[in-house]
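Comments concern the structure below.
Protein chains in written order, with the numbering used here: chain A, 686 to 1027; chain B, -6 to 390; chain C, 5 to 325.
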């Protein structure tokens, strides 16, 4: 049955296969250009706090975003602009959160990558790595209790995050409950500045899943086709009731941890290695080779995306910032249980 | 060797702490039981802390000139095991009846372990005067009723160190309400307020008789005619111009000297006293002062004193002799250190050494009330002598 | 018929499970075994699939509850001991407590913390953690002192749309009995005058209410009438009831089983001192556990935490001022 699903989505129908790639490429390029725009606004002093971009991780991220349905659960992490857009987040949500617009989903109360719409299955990450996974578990667990079927939840994490207790507790929990969890691990080789050999000692991060009886899969994170295939496969398996799935992608972060970080610690040998390829370029070349697109089409797409982003930024910059005098300073939804704050 | 603590004893009812003023023995000294070890002073008396047993002073943990609460360990005595055993110091003492600050360890432990609850000493100042510590609640209650600490002078406090508690206060108020009560005038309250504030200082008084015959003779030939109060005022001004230090004010550890010799004088008005001021009284002759003085008296009686004629003076003259009084101890205004009083003149026998007989003279008492923090009796006496001398020689005024 | 504090907690959970299909319970050993303290005895059988054993993963337990709450469920998490909730602390204070503020999506989870000392439980099965949870915005922290409150407040906790830290005292589990379950109750957020008095106010919560009441009884022959305020919930803290009591008595002693640094007792005193300075006739005092881990041996344990005698002794000091 699984094979049927996969065939239908990615192999059997040549048109669909091409369209998926083109759609994915569009989200990757949109993510790259949106990230770059945010970095530019940050360096222009328009964005407070920090900017965290996903350069080099777009192929993996877009793959999970596309593999999920709108009714699924998605808990992206900091380098998932592509996945967020593919899952359905409008560009303006990202811009509003970065610029602190009161009309954004977080209304200036939280910023940058800490955005989401929980009621739409799109979770806003907390900074504590691994902490979102069990929340996805909880949503899947609840849906099962309520009799909702065919749903999948995906959580994204990095090589560093696999060292947290939360990661292990949640992975074990998902395995015990046989939850349709898909755990996307982007091994970008650095947890902030710490290289792999100071984060884990197993041969491969997929070994961690094995310890909990969780199926795991490796993928070249720079190869969009491979990511679409492997991630799509894992999501389909989870959806089909095979229990939690873990996908470990090998790639390289082509930027700093945040835009404040020059990433001078990244080993030049890694940059020159296959993991150091820019997934966006690889995808572009693939599309050209397949003759699914040509230079003119790419130029047109770029123009279209520039306009879309500029429009969103221009709009958000005119929107009101939060006002501390009219802010509702209550952390609890039950009105009378809030302690009086002037 | 066992070590026995030296404890600050309870040195009297309501005494919460005492100050170490002398160590009577030194660490290393051998001491006998009940021997005096440390001299301490409370706000009531000096006493000695004695040794609880025979032994050798191991150390003092208390510091000289520091205060320690009752029950605090002041040092330790090293005793022999036999001595400790003989005195029963080797086992914790069983709880005394009513020793309520200590709680028992769990049953079945022979009462050997004693623990203190984790509540600390309470920092209520333990001065002997009943109203010295006013709790926030008491202050709030007094504010509500418009009362001052002085109003509590007659209340016997039942709190720690004789503190007046709110319960004491409410009983006092309830008692007052059983008696006849009339409202005090605005003037009365203002005078009361000034006197209450002034009374926070240690005030002392000196006095001497002065012969007024020369002054009366002087007055007969002088026009306009100066009154005795104005003569006293002028004499005081001259004396202070010569040495203004006695009119200084003590603020913290500094003396604030007067900047000009502005002298006030008391005028009785309806239901109170007003004190107009003569500016630069040292710079104008007695004759020149008579008219402005009389004008000020009249304005004061009408309660129409201009603002520049009140306040800012450095001393006051009061002629209580106008009431027929020969002696009084007036209180200086709160912002002043001195008040000169003049009693009623009366004819009195005075020994004339030249004639070897008593002769009748007109005599009045001069008094000087002063802030004893600023000057002492001697300085006050010298100032008053100088004033008397000037009055005896009115041509100098 | 009589019912214990523990049975009241079990009954409240049974009631919640029966009335609301969104409720489920998740915790270690709570299924067929019925919980380490038997607070879920027979519930797994009575409500199949809704009383679920969790792995020893406090972090993931709370995370799951948060996710389920987002999906509209009303999970109850049983921590086996309050002490172990520190392993799930991150999920409680950073995930559950921030969710509503960040997203306007409420997080109706109830985390039950069996807390407080019982003789012989030692440093890791005796802790009182209400203070650290109350410190975080976004949490409601309840500390019922009676069988009736254990029942009604747990029911209300499950109904509240926000994360509730429900601190149930282990000593009271078996020691406290009532005739029957209550039919009505004070709402959460209101303190209760547990005993009326004239001379002093003792503010306490949870098991310390009973120590305070015993101390008050001990002081009666000496002529003192002590008012005892049971906070019931430490967050929100019912400052008004405390202030009104201090306005009557002028003296305040706060008693808590938690450690002394900061905390509920400090908070009560800070509020009374800053908002009701003029109500105080003596310096307000507090009585807490000692500033050490909770000791094992009964001799040390009874001295570590405030007892009725210690409360009475502290009260006498205050009354003599």
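Heads up, the beta-carbon is just placed ideally off N, CA and C, and yes, glycines get one too. Quantities reported herein were computed from a predicted structural model and do not represent experimental measurements.
Residue 204 of chain B - partner residues in DSSP beta bridges: In the second chain, residue 204 of chain B corresponds to position 211, counting from 1. Note: residue 204 of chain B sits in a beta bridge opposite B/356.
Minimum Cβ-Cβ distance from residue 769 of chain A to chain C less than 8 Å: Taking the first chain and counting its residues from 1, the one referred to as residue 769 of chain A is at position 84. Residue contact with chain C for residue 769 of chain A: absent (no Cβ-Cβ distance below 8 Å to any residue of chain C).
Unbroken alpha helix (DSSP H) run spanning residue 953 of chain A, endpoints: Counting from 1 along the first chain, the entry for residue 953 of chain A is found at position 268. Annotation: the continuous alpha helix (DSSP H) that includes residue 953 of chain A extends over 953 to 957.
Any chain C beta carbon closer than 8 Å to residue 816 of chain A: Within the first chain, residue 816 of chain A is the residue found at index 131, counting from 1. Among the residues facing chain C, residue 816 of chain A is included, as its CB has a counterpart in that chain under 8 Å away.
Where residue 874 of chain A sits in the DSSP three-state scheme: Along the first chain, one-based indexing puts residue 874 of chain A at 189. In the three-state reduction of the DSSP assignment, residue 874 of chain A falls in the coil class, being assigned neither a helical nor a strand state.
Rounded separation between residue 165 of chain C and residue 1019 of chain A - CA only: Mapped onto the third chain, residue 165 of chain C falls at position 161. Mapped onto the first chain, residue 1019 of chain A falls at position 334. As the crow flies, the alpha-carbon of residue 165 of chain C is around 6 Å from that of residue 1019 of chain A.
Buried or exposed by the 16-neighbour rule on C-beta atoms within 10 Å, applied to residue 939 of chain A: Taking the first chain and counting its residues from 1, one reaches residue 939 of chain A at position 254. Around the CB of residue 939 of chain A, 16 or more other CB atoms lie within 10 Å, so the residue is classed as buried.
Neighbourhood of residue 165 of chain B by C-beta distance below 6 Å, restricted to the same chain and skipping five residues each side: The count along the second chain starts at 1 and reaches residue 165 of chain B at position 172. Around residue 165 of chain B: 148.
Status (buried if at least 16 other CB within 10 Å, exposed otherwise) for residue 239 of chain C: Along the third chain, one-based indexing puts residue 239 of chain C at 235. It counts as buried.
Member of A/767, A/707, A/701 whose CA lies at the smallest distance from the CA of residue 982 of chain A: Start at 1 with the first residue of the first chain, and residue 982 of chain A comes out as number 297. For residue 982 of chain A, the nearest C-alpha among the options comes from A/707.
Length of the line joining the Cα atoms of residue 771 of chain A and residue 105 of chain C: Here residue 771 of chain A corresponds to residue number 86 of the first chain, with the count starting at 1. Here residue 105 of chain C corresponds to residue number 101 of the third chain, with the count starting at 1. Between residue 771 of chain A and residue 105 of chain C, the alpha-carbon positions lie close to 27 Å from each other.
Span separating the alpha-carbon of residue 824 of chain A from that of residue 73 of chain C: Translated into the one-based positions of the first chain, residue 824 of chain A becomes position 139. Translated into the one-based positions of the third chain, residue 73 of chain C becomes position 69. If I take the Cα positions, the gap works out to 8 Å.
8 Å Cβ cutoff met for residue 720 of chain A and residue 746 of chain A: Stepping through the first chain from its first residue, residue 720 of chain A is reached at position 35. Stepping through the first chain from its first residue, residue 746 of chain A is reached at position 61. Pairing residue 720 of chain A with residue 746 of chain A gives a Cβ-Cβ distance that is not under 8 Å.
Distance between beta carbons of residue 291 of chain C and residue 268 of chain C, contact taken as under 8 Å: To locate residue 268 of chain C, count along the third chain from 1; it is residue 264. To locate residue 291 of chain C, count along the third chain from 1; it is residue 287. At roughly 12 Å, the Cβ-Cβ gap does not stay under 8 Å, so residue 268 of chain C and residue 291 of chain C are not in contact.
Minimum Cβ-Cβ distance from residue 22 of chain C to chain B less than 8 Å: The residue you call residue 22 of chain C lines up with position 18 of the third chain. Chain B contact via Cβ: absent.
Nearest neighbour of residue 780 of chain A, chosen from A/947, A/874, A/797 [CA to CA]: Locating residue 780 of chain A in the first chain gives position 95, counting from the first residue. The shortest C-alpha separation from residue 780 of chain A is found at A/797.
Chain B contacts made by the stretch 270 to 287 of chain C, where a contact means CB separation under 8 Å: For the stretch 270 to 287 of chain C, which is checked against every Cβ of chain B, the residues closer than 8 Å are 281, 282, 283, 284, 285, 286, 287.
Residue range of the unbroken alpha helix (DSSP H) whose run includes residue 889 of chain A: Residue 889 of chain A sits at position 204 when you count from the first residue of the first chain. That residue, residue 889 of chain A, is in no alpha helix (DSSP H); it is neither H nor E in DSSP.
Interface residues of the stretch 188 to 204 of chain C facing chain A [CB-CB below 9 Å]: So the list reads 191, 192, 193, given in the order they occur along the chain.
Where residue 1010 of chain A falls: helix, strand or coil (DSSP): For this step, residue 1010 of chain A is matched to residue 325 along the first chain. In the structure shown, residue 1010 of chain A adopts coil according to DSSP, grouped into three states.
Interface residues of chain C facing residue 858 of chain A [CB-CB closer than 7 Å]: Indexing the first chain from 1 puts residue 858 of chain A at position 173. In chain order, 59, 61, 64, 68 make up the part of chain C whose C-beta sits under 7 Å from the C-beta of residue 858 of chain A.
At least three beta-carbon pairs within less than 8 Å, the stretch 835 to 846 of chain A to the stretch 809 to 817 of chain A: Contact check between the stretch 835 to 846 of chain A and the stretch 809 to 817 of chain A: three or more CB pairs, one atom from each, fall below 8 Å, which counts as touching.
Three-way DSSP call (helix, strand, coil) for residue 99 of chain B in this model: In the second chain, the residue the question calls residue 99 of chain B occupies position 106. Its pLDDT being 37, under 50, residue 99 of chain B is placed unreliably in this model, and the value from its coordinates should be taken loosely. Three-state result, residue 99 of chain B: coil.
Rounded distance between the beta-carbons of residue 323 of chain B and residue 334 of chain B, thought under 8 Å: The residue labelled residue 334 of chain B in the question sits at position 341 within the second chain. The residue labelled residue 323 of chain B in the question sits at position 330 within the second chain. With 8 Å as the limit, residue 334 of chain B and residue 323 of chain B qualify as a contact, their Cβ atoms being about 5 Å apart.
Residues sharing a beta bridge with residue 30 of chain C, DSSP: Locating residue 30 of chain C in the third chain gives position 26, counting from the first residue. Beta bridge pairing from DSSP links residue 30 of chain C with C/56, C/81.
Beta-carbon proximity check, residue 257 of chain C vs residue 317 of chain C, cutoff 8 Å: Indexing the third chain from 1 puts residue 257 of chain C at position 253. Indexing the third chain from 1 puts residue 317 of chain C at position 313. Not a contact, by the Cβ cut-off of 8 Å.
Outcome for residue 1003 of chain A when other beta-carbon atoms lying within 10 angstroms are tallied against a minimum of 16: Locating residue 1003 of chain A in the first chain gives position 318, counting from the first residue. In this structure residue 1003 of chain A is exposed. Its beta-carbon is surrounded by fewer than 16 other beta-carbon atoms within 10 angstroms.
Residue 9 of chain C to residue 310 of chain C span [Cα, whole Å]: To locate residue 9 of chain C, count along the third chain from 1; it is residue 5. To locate residue 310 of chain C, count along the third chain from 1; it is residue 306. Approximately 21 Å between the Cα atoms of the pair.
Outcome for residue 1026 of chain A when other beta-carbon atoms lying within 10 angstroms are tallied against a minimum of 16: Position 341 of the first chain, counted from the first residue, corresponds to residue 1026 of chain A. Because residue 1026 of chain A sits at a pLDDT of 47, beneath the cut-off of 50, its placement in the model cannot be relied upon, and the point is left open.
DSSP bridge partner residues for residue 339 of chain B (one or two, in chain order): Working through the second chain from its first residue, we reach residue 339 of chain B at position 346. In DSSP, residue 339 of chain B forms a bridge with B/356.
Chain-ordered chain B contacts of residue 324 of chain C [CB-CB under 7 Å]: Counted from its first residue, the third chain places residue 324 of chain C at position 320. For residue 324 of chain C, the neighbours in chain B by C-beta distance under 7 Å run, in chain order, 153.
Own chain partners of residue 28 of chain C with C-beta closer than 6 Å, once the 5 adjacent residues on each side are dropped: One-based indexing of the third chain puts residue 28 of chain C at position 24. Closer than 6 Å at Cβ, skipping near neighbours: 54, 79.
Rounded C-alpha distance that separates residue 866 of chain A from residue 305 of chain C: Within the first chain, numbered from 1, the residue matching residue 866 of chain A stands at position 181. Within the third chain, numbered from 1, the residue matching residue 305 of chain C stands at position 301. Take the alpha-carbon of residue 866 of chain A and the one of residue 305 of chain C: they are about 46 Å apart.
Distance CB(residue 873 of chain A)-CB(residue 973 of chain A) smaller than 8 Å: For the purposes of this step, residue 873 of chain A is taken as the residue at position 188 of the first chain. For the purposes of this step, residue 973 of chain A is taken as the residue at position 288 of the first chain. No, they are not a contact pair.
Whether residue 841 of chain A touches residue 749 of chain A by CB criterion (8 Å): Indexing the first chain from 1 puts residue 841 of chain A at position 156. Indexing the first chain from 1 puts residue 749 of chain A at position 64. Yes, the Cβ-Cβ distance between residue 841 of chain A and residue 749 of chain A is below 8 Å.
8 Å Cβ shell around residue 930 of chain A - same chain, five flanking residues per side excluded: One-based indexing of the first chain puts residue 930 of chain A at position 245. Within the same chain, and ignoring the five residues on either side of residue 930 of chain A in sequence, the residues whose Cβ sits closer than 8 Å to its Cβ are 866, 867, 868, 899, 900, 901, 902, 919, 920, 922, 923.
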